[in-house]
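Asks:
Numbering (UniProt numbering), first residue to last: 1 to 387.
So this is what it looks like as structure tokens:
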């Protein structure tokens with residue numbers, strides 16, 4: 001699917017509707033362009049494409065021939081400030097916003113807080129996380145939950161055995177989850193990351209975040225607005241180029257302390273990221289983008305399908321360790337079971353009767369034993385009367 005850059009609101013709406021039922025790789029950031037279609041640009045789930053109607057969206061946008069199982073809802077404008085949370089707590093919150101469970105960080109979480117490494121290592125160096133943002137949802141596109149059935153064509157492509165190459169191909173082709181909801185609009189968010197060696201208390205982190213966010217989102221700060229307006233005028237000749245690149249790079253990270261143990265990460269999605277917050281707000285309706293998505297795991301739709309256990313294990317490993325997709329085959333090959341020690345369930349949990357390896361004559365309760373070899377020995381020197 002093509003890029004979202006410089007797309008008009010009508011094209012964005014049509015694409016948001018179209019990707020419902022597509023696959024998605026949850027290790028990547030949220031982008032409509034990253035959604036994965038089935039054969040012939042089809043959805044991965046069963047949808048009656050023959051029966052549809054015109055879907056009217058805010059702003060006078062009309063999307064034709066939308067299946068009845070795909071609904072829309074008018075959005076809202078909200079300002080939300082999180083609590084100061086641990087790495088695991090914040091990861092779980094982000095997952096809940098995506099309608100998924102668990103504490104394994106998603107690609108979206110990693111981008112928002114500028115994480116790049118192994119998530120266990122990232123968690124170890126992080127003391128706390130928080131964010132404060134303005135979220136503008138123009139409209140929601142959702143699939144009725146009762147209509148989520150994986151198509152037979154996709155089920156037939158599930159590898160029936162532990163085949164690393166086939167499993168990697170399936171994940172690369174269809175992703176790890178199914179898109180069941182999309183929110184279109186814009187968001188302007190400040191994220192705070194406190195590293196482990198910081199001594200700042202959570203209340204101070206919260207106050208610092210509030211101060212930064214109030215300054216950024218306030219429309220009563222002429223100096224800030226003038227500065228951003230000056231920057232906009234300076235770059236007016238190439239603003240389209242900058243706007244197209246604004247969402248292709250990781251957000252800028254700004255240290256907020258001398259020891260660089262508290263970092264600020266500012267992220268804007270949707271609109272044109274030039275000028276003040278007020279100017280950005282006015283540009284969202286003309287340049288909307290995806291700000292949230294909701295998902296269902298592909299493996300949850302494979303009940304009774306041969307090989308679903310192998311695919312589920314491969315997907316879990318991929319989401320947990322996030323190897324590059326081009327290296328997934330080699331990564332899965334390294335996960336072949338090898339029994340170097342007794343398996344967990346093979347060890348007895350209680351006492352059992354000891355089986356003697358050979359007959360023995362105990363001479364004392366404590367001390368060595370005299371082991372007797374009971375194998376017959378033939379000797380020509382034996383006394384005949386004992387023979």
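Quick reminder that beta carbons are idealized off the backbone N, C-alpha and C, glycines included.
Do residue 295 and residue 100 come within 7 Å of each other at the CB atom, strictly closer than that value?
Replies: Along the chain shown, read from residue 1 onward, the residue named residue 100 stands at position 100. Along the chain shown, read from residue 1 onward, the residue named residue 295 stands at position 295. Going by C-beta atoms, residue 100 is nearer than 7 Å to residue 295.
Asks: Going by alpha carbons, who is nearest to residue 266 out of 213, 288 and 168?
Replies: Against the chain shown, residue 266 aligns to sequence position 266. Residue 266 has its Cα closest to that of 213, out of 213, 288 and 168.
Asks: Nearest to residue 102 by CA position, among 134, 204, 319 and 284, is which residue?
Replies: Position 102 of the chain shown, counted from the first residue, corresponds to residue 102. Comparing Cα-Cα distances from residue 102 to each of 134, 204, 319 and 284, the minimum goes to 319.
Asks: Leaving out the 5 sequence neighbours to the left and right, which residues in its chain are closer than 8 Å to residue 21 when beta-carbon positions are compared?
Replies: By 1-based counting over the chain shown, the position of residue 21 is 21. Within the same chain, residue 21 has close Cβ partners 43, 44, 45, 47, 143, 178, 179 and 180.
Asks: Count the other C-beta atoms from every protein chain shown that fall within 10 angstroms of the C-beta of residue 194, then say buried if there are 16 or more, exposed otherwise.
Replies: Taking the chain shown and counting its residues from 1, the one referred to as residue 194 is at position 194. With 16 or more Cβ atoms within 10 Å of its Cβ, residue 194 is classed as buried.
Asks: Return yes when the Cβ of residue 184 is within less than 7 Å of the Cβ of residue 288, no when it is not.
Replies: The count along the chain shown starts at 1 and reaches residue 288 at position 288. The count along the chain shown starts at 1 and reaches residue 184 at position 184. A contact, by the Cβ cut-off of 7 Å.
Asks: When you compare only the Cα positions, how much space is there between residue 390 and residue 263?
Replies: The requested residue 390 does not occur in the structure, where the chain is confined to residues 1 to 387.
Asks: Under the assumption that residue 141 contacts residue 77 (Cβ atoms under 8 Å), give the Cβ distance between them as a whole number of angstroms.
Replies: Residue numbering aside, residue 141 sits at position 141 when the chain shown is read from its first letter. Residue numbering aside, residue 77 sits at position 77 when the chain shown is read from its first letter. So it is not a contact: roughly 18 Å between Cβ atoms.
Asks: Using the C-alpha atoms, what's the distance from residue 10 back to residue 246?
Replies: On the chain shown, residue 246 is found 246 positions in, with the first residue counted as 1. On the chain shown, residue 10 is found 10 positions in, with the first residue counted as 1. At residue 246 the pLDDT is 42, less than 50, meaning the model places this residue with poor confidence and gives no usable figure here.
Asks: Using only the alpha-carbon positions, how far apart do residue 321 and residue 374 sit?
Replies: Counted from its first residue, the chain shown places residue 321 at position 321. Counted from its first residue, the chain shown places residue 374 at position 374. Using only the alpha carbons, I get a separation of about 57 Å.
Asks: Would you report the Cα separation of residue 279 and residue 271, rounded to the nearest angstrom?
Replies: Along the chain shown, read from residue 1 onward, the residue named residue 279 stands at position 279. Along the chain shown, read from residue 1 onward, the residue named residue 271 stands at position 271. Roughly 9 Å separates the two Cα atoms.
Asks: Taking only the alpha-carbon atoms, compute the straight-line gap between residue 335 and residue 129 and give it to the nearest angstrom.
Replies: Taking the chain shown and counting its residues from 1, the one referred to as residue 335 is at position 335. Taking the chain shown and counting its residues from 1, the one referred to as residue 129 is at position 129. Approximately 33 Å, taken between the alpha carbons.
Asks: Are there three or more Cβ pairs, one per stretch, closer than 8 Å when the region 147 to 162 is compared with the region 105 to 122?
Replies: No: fewer than three Cβ pairs fall under 8 Å.
Asks: Roughly how many whole angstroms lie between the Cα atoms of residue 235 and residue 192?
Replies: Stepping through the chain shown from its first residue, residue 235 is reached at position 235. Stepping through the chain shown from its first residue, residue 192 is reached at position 192. Residue confidence is low: residue 235 scores 42 on pLDDT, short of 50, so the model does not pin down where it sits. No coordinate-derived value is stated.
Asks: Using the three-state DSSP reduction, which class does residue 187 fall into: helix, strand or coil?
Replies: Locating residue 187 in the chain shown gives position 187, where the first residue counts as 1. Strand, per DSSP.
Asks: May I ask which residues mark the beginning and end of the beta strand (DSSP E) holding residue 130?
Replies: Locating residue 130 in the chain shown gives position 130, counting from the first residue. First-last of the beta strand (DSSP E) with residue 130: 126 to 143.
Asks: Could you check where the alpha helix (DSSP H) with residue 399 kicks off and where it finishes?
Replies: Given that the chain is displayed from residue 1 to residue 387, the structure contains no residue 399 and the question cannot be resolved.
Asks: Let me make sure I understand the geometry here. Which of 323, 285, 199 and 176 has the alpha-carbon closest to that of residue 301?
Replies: Position 301 of the chain shown, counting from 1, holds the residue named residue 301. Ranking the options by Cα distance to residue 301, first place goes to 176.
Asks: What residues match up with residue 295 in a beta bridge as DSSP calls it?
Replies: Locating residue 295 in the chain shown gives position 295, counting from the first residue. Residue 295 pairs with 179.
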